[in-house]
Amino acid sequence: MNPAGSQRATSPSERPPRASGITIPGFVLKNALRNGRRALLTVLSVAMSCALLVTLLTLQRELTVPPESEAASFRIIARNKVSLAQPLPARQRTIIEKIPGLRQVSPFTYFGGLFRDETTTSWAQFAVDPARFRELILEGKIIEGSYDAWVKNRNGCMLGADTLRRYGLKVGDKLRFTGTFYPVDLELTIEVVYAGTIDDRNCFFHHALLDQLMDDWGMVGTWYIMADSAAAVDGVIERVNAAFENTSAEVRAETERAFQLGFVSMFGNVKMLFGSISAVVVFTLILVCVSTMSMAIRERFRELAVLKALGFRRHELFAFILAESFGLSMVGAFVGIGGAWLFWSTINLQKLSQGFLVHFEVTPHIMATGGIVAALLGILAAIGPSISVARMSVVSGLKTLD
Amino acid sequence: MALPLKYNYRNVLIRWRTTLFTVVGVAAVVSVVILLKALAKGIESSSARTGEPGNILVVRKGSQAESGSLVTRDQFRTLQFFEEIDRNAGGQPVVSAELVMIINAPRRAAPGSANTLIRGVTPRGLELRPKVSLVEGRWFQPGQREVTVSKKLAGRFEGFELGGIIRAGPDRLRVVGLFEAGGSAFDSEVWMDADEARSIFDRSEMYSSILLRPRDEAAMRSLTNRIAQDKRLGLRAEPETEYYSKQTATAVPFNILAGLLGTAMSVGAVFAAMNTMYANVASRTREIGTLRVLGYSQTAIVMSFLIEGVLLSGLGGLLGCAFSLGIYAYVVARGVTFGTMDFQSFAETVYQFRVTPDLMLLGLIFSLVIGLFGSFLPALRASRLPVISALKSL
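Quick mapping for you: the protein sequence lines, in order, are chains L and Y. Heads up: the first sequence at position 99 corresponds to 291 in the numbering used here, and the numbers run straight through without jumps. Heads up: the second sequence at position 128 corresponds to 133 in the numbering used here, and the numbers run straight through without jumps.
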C-alpha cells in the first residue's frame, strides 16, 4: 500500500518521522507537502492569479484615481464651458485678477507638440506666464538651473526632471517641437529643471512666445488660478464662473482635483472593465483552488476514513483540510502579491510605457485586498472536500481504492 | 500503434468533476482574451468602415487628427479651384471645408461628462459621405442653430435626443434629426452647418479640414502630389480611407491588455491544467502499466495524454467561444455601445464590440497551447513509469 500514490517525490534519504514528534501543525504541513509537485503547482497558480489581481487593481487605480497633491486643493482650473479644446480670450485676465480671495493667476495653454521626430505626444508642454507661475507650483523644487534665468529668457523653458532623465538632456540643451493643435513650431532652451510635483514630465514655456508666434491671437487655453487659502477656493470658483456668465466665452472653473477626475471620467467605463476582468480572475482562482483541494482530499480518502475510525471528529478533520488549503493559498498569495510588488516597484514602468503610466504604485490597500481574496479562497476551497469527508461513512471510505 | 481516441474522451467524461473545473478555468481565460480583443476590434472596424474610396482629406501638415488641424480660409480659397476636383450635377466643385470642434456634454447613464466631436459640414460634405443616412427627423438647415446627431450618441448624452437642446457655452443647438453612419467614425459625431459652426466657435477665418473628390485616379495622384510639393500651402492630402485606417490608436491599450492578461492568465491556467493531468496520471498508474504490458509504446502513451490534455482545454476553448458569442449576442440584441476617449482628438469614440471568427480562432489557439503545455510534463511522466511497479501500485 502506498498512500501517496505513485508520486512519492520525497527523497529516500528522508528519515521517517518520530512517532513522538507528530504534532497537529506538523501533520498538516506533512500532508500539504507530501505531494511536492502538486503543492508547488497550486502555490504557483494562486501566486500568478494574485499577482494578476494586484496588477489589475493597481492599473485601475492608476487610471481612475489621479495622484493628489496638497497644493492642488488650493488650485483652480478655469476652462471654456464649451470644452477644453475651446480657448478663452486673454482679456479675461484683468477681470479674474480683481476677484477677491485670489492669490495668483497664470494662463495655462496646452501646446501638445511633437518632440523631435516622435509621432505621438507622450508628455505635455504648457504655455504659462513664468513670473506668475512660480507661486502656482509651490510643491515644485528647482533642482538645476535658475528660475530667474527662465523668466528673463523668452525662448527658455522649464522641464520636468523625469523627461530630462528620459532623454539624457541637460540645462542649455535645445528642444524642438512641431505644433499639432497650433500651426507653429517651437524651439526652446532648457533653463531650469523642476522635480517634486505629481507629474515631473512637463515642459513649461513663455505664453508670450506662443502669442508672438500666433500673431497676438489674444487667446489662452485655460486659466490656472491659486486661491488665498483652502477656505477661499469655493468662493473664487463661484466668482470666476459668475464673472463670465452670458458672455461669448463662458467659463467653467473647478478645483484641480475635480478637473483631473473629470478628465478621468472621459476614459469611459474603465472601472467597470477592470472590475469585470478582476472578477473573472478571482473566479478562475477559486476554480483552481477548489479543484486542487478536492484532488488532494480524494487521494487520501482512505486515510481520512482511518482518522475517523480512530475517533477524530468531523470538525477536527475539517480543521486539517482548512489548515492545508488556507496555508497553500496564503503561501501563494505571499509569493504572488510580494512578487508583483517587487516587480512593479523595481522596473521603470514610466520609461517602458513611454510616459503613459507614471506612478503605478502597489498600495498597501491593494495588497491587503489581494490577501483577503486569497484567504477567503483558501477557506472556500476547504468547504467542498470537507462536506464529502463529513458525509462519508468510515466503511465506504476504507474501501476506497483511488 | 496509437491508443484509440475513445480512451481519452471517456476518461475526460468519467472524471467530470475535475474535468469541469479545468474546462471552466480555460474557458475563463479564453473569454477574457476574446472579449478584450473584441473591444479593440470594434474600434479598428469603425476606423476601417470610415471614408469613401474616391475621397481625399486635406489637413495641416504635422497635425495628427482632424480635430487638431487648422486650414485657413486663404488655403481653402486656393484649393477650391484646383482643376483636379470633380464637379457635381449642378457644376459645383465637390469640396467641403469643415470645422471639427469638441463640446463637453453630460452623460446620460453615468455621472460626469465627456467630450464629443461636433462637425460643421456643407451640403457638399453630405454628398461626399453617401453612407451617412438620416433615420429620424430632418437634416439641419444652413443658417440655423440646428444639429443632426448620430443615433448612437443620442442614447449616450443628455439632450442629444430628437427635439433636445445641446449647449455649446452660451449657445443652444436644437436637435432636429438623427443619422446613422454604418458603424463608421461618424457615428461618434454631431453634425451642423459649417458656417454656423464657425460663428458659434469663433473660427471665422479657420477650418479644420477639407474633404474633396478628385475627378479620377490620375487627378487624385496629381492633386496629392501638388499639395505635398506646395511648401507654402503647408497642407497634407491623403485618401480619406487611409487617414481613418490610421486612427486606431485608441485600440492599442485594449490589444496590449488582451495580450498581457492572456499570457498571465494562461500561465496560471497551465499550472492548473498540469495539476489536473498529474492527478490523472497518478490515479491511472496501474492502467498505464497495463497498457504498456499490452504493447503500447511510450510514444503512444505520451501522445494519448497530450491528446487528452488538448481535448480538455479545447473543450474549455469552445466553452469560452460560446460564452463570448453569448455576450456578443446580448450586446447586439440590447444595442449596447461602448465609448472610450480617443487620445488624439480628446473626444469620445463610440463603437460596437465585435466578436469575429478570427478572434474565436485566436481563443481556440490559446486554449490548445494551454492544453499542450499543461499536459506535456505529465504525459512524459506517464510514459516513463516503470512498468512493473506501476502494475503493482494500487
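For every residue, glycine included, the Cβ atom is placed at its ideal position computed from N, Cα and C.
(1) Tell me the DSSP secondary structure of residue 43(Y) in three-state form.
(2) Let me see if you follow: with CB-CB separation under 8 Å, is residue 586(L) close to chain Y or not?
(3) Taking 8 Å as the threshold, find out whether the segment 153 to 167 of chain Y comes into contact with the segment 175 to 183 of chain Y through three or more Cβ pairs.
(4) For residue 585(L), does the three-state DSSP call read helix, strand or coil?
(5) Of all Cβ atoms in chain L, is any one closer than 8 Å to the Cβ of residue 34(Y)?
(6) Should residue 351(Y) be flagged as near chain L, meaning a C-beta pair shorter than 8 Å?
(7) Return the CA-CA distance between residue 574(L) and residue 253(L), expressed in angstroms with no decimal places.
(8) Under the three-state reduction of DSSP, which class applies to residue 236(Y): helix, strand or coil?
(9) Within the 8 Å Cβ cut-off, does residue 385(Y) reach chain L?
(10) Using alpha carbons as the reference points, say which of 391(Y), 284(Y), 345(Y), 121(Y) lies closest to residue 230(L).
(11) Does residue 298(Y) pass the burial test, meaning 16 or more other C-beta atoms within 10 Å, or should it be called exposed?
(12) Of the residues that make up the segment 257 to 280 of chain L, which ones have a beta carbon closer than 8 Å to any beta carbon in chain Y?
(13) Going straight from the alpha carbon of residue 221(Y) to that of residue 237(Y), what length do you get?
(14) Any beta carbon of chain Y sitting closer than 8 Å to that of residue 347(L)?
(15) Using the beta-carbon count (16 or more within 10 Å), is residue 399(L) buried or exposed?
(16) Is the CB of residue 60(Y) under 8 Å away from at least one CB in chain L?
(17) Got a sec, what are the start and stop residues for the alpha helix (DSSP H) residue 333(L) sits in?
(18) Taking only three categories from DSSP, how would you classify residue 203(L)?
(19) Report yes or no: do three or more beta-carbon pairs, one from the segment 140 to 160 of chain Y and one from the segment 184 to 200 of chain Y, lie closer than 8 Å?
(20) For the alpha helix (DSSP H) holding residue 327(Y), just list the boundary residues, first then last.
(21) In the DSSP assignment, find the unbroken alpha helix (DSSP H) run with residue 375(L) in it and report its ends.
(22) Cα separation between residue 392(Y) and residue 464(L)?
(23) For the alpha helix (DSSP H) that residue 533(L) lies in, which residues bound it at each end?
(24) Ordered along the chain, which non-local residues of its own chain (more than five positions away) have a Cβ less than 7 Å from that of residue 418(L)?
(25) List, in chain order, every chain Y residue whose beta-carbon is nearer than 8 Å to that of residue 472(L).
(26) State the DSSP-derived secondary structure class of residue 287(Y), mapped to helix, strand or coil.
(27) Kindly list, in the order they appear in chain Y, the residues whose Cβ is closer than 8 Å to that of residue 244(L).
(28) Counting C-beta neighbours from all protein chains within 10 Å, is the total for residue 439(L) 16 or more, i.e. buried, or is it exposed?
(29) Taking residue 330(L) as the reference, which of 338(L), 262(L), 321(L) has the closest Cα?
(30) Taking Cβ positions only, does residue 334(Y) come closer than 8 Å to chain L?
(31) For a contact defined as C-beta to C-beta under 7 Å, what are the partners of residue 69(Y) on chain L?
(32) Here's the rule I'm using: 16 or more other beta-carbon atoms within 10 Å means buried, otherwise exposed. How should residue 404(L) be labelled?
(33) Three Cβ pairs or more, each shorter than 8 Å: is that satisfied between the segment 274 to 283 of chain Y and the segment 226 to 245 of chain L?
(34) Closest to residue 248(L) by CA distance: which of 467(L), 494(L), 502(L), 526(L) is it?
(35) Could you tell me which of 345(L), 260(L), 343(L), 446(L) sits nearest to residue 415(L), measuring between CA atoms?
(36) Can you tell me the Cβ-Cβ gap for residue 398(Y) and residue 290(Y), rounded? I've got them flagged as a contact below 8 Å.
The relevant details are as follows:
(1) helix
(2) no
(3) yes
(4) coil
(5) yes
(6) yes
(7) 32 Å
(8) coil
(9) no
(10) 284(Y)
(11) exposed
(12) 272, 273, 274, 275, 276, 277, 278
(13) 26 Å
(14) no
(15) buried
(16) no
(17) First-last for residue 333(L): 333 to 337, but that is the beta strand (DSSP E), not the alpha helix (DSSP H).
(18) In this prediction, residue 203(L) scores a pLDDT of 45, lower than 50, which makes its location untrustworthy; the coordinate-derived value is nonetheless stated afterwards. Residue 203(L) falls in the coil class under three-state DSSP.
(19) yes
(20) 303 to 339
(21) It is not in any alpha helix (DSSP H) - residue 375(L) carries neither H nor E in the DSSP assignment.
(22) 54 Å
(23) 506 to 538
(24) 266, 267, 295, 296, 327, 328
(25) 33, 36, 37
(26) helix
(27) 266, 269, 270, 273
(28) exposed
(29) 262(L)
(30) no
(31) 372
(32) exposed
(33) yes
(34) 467(L)
(35) 446(L)
(36) 5 Å
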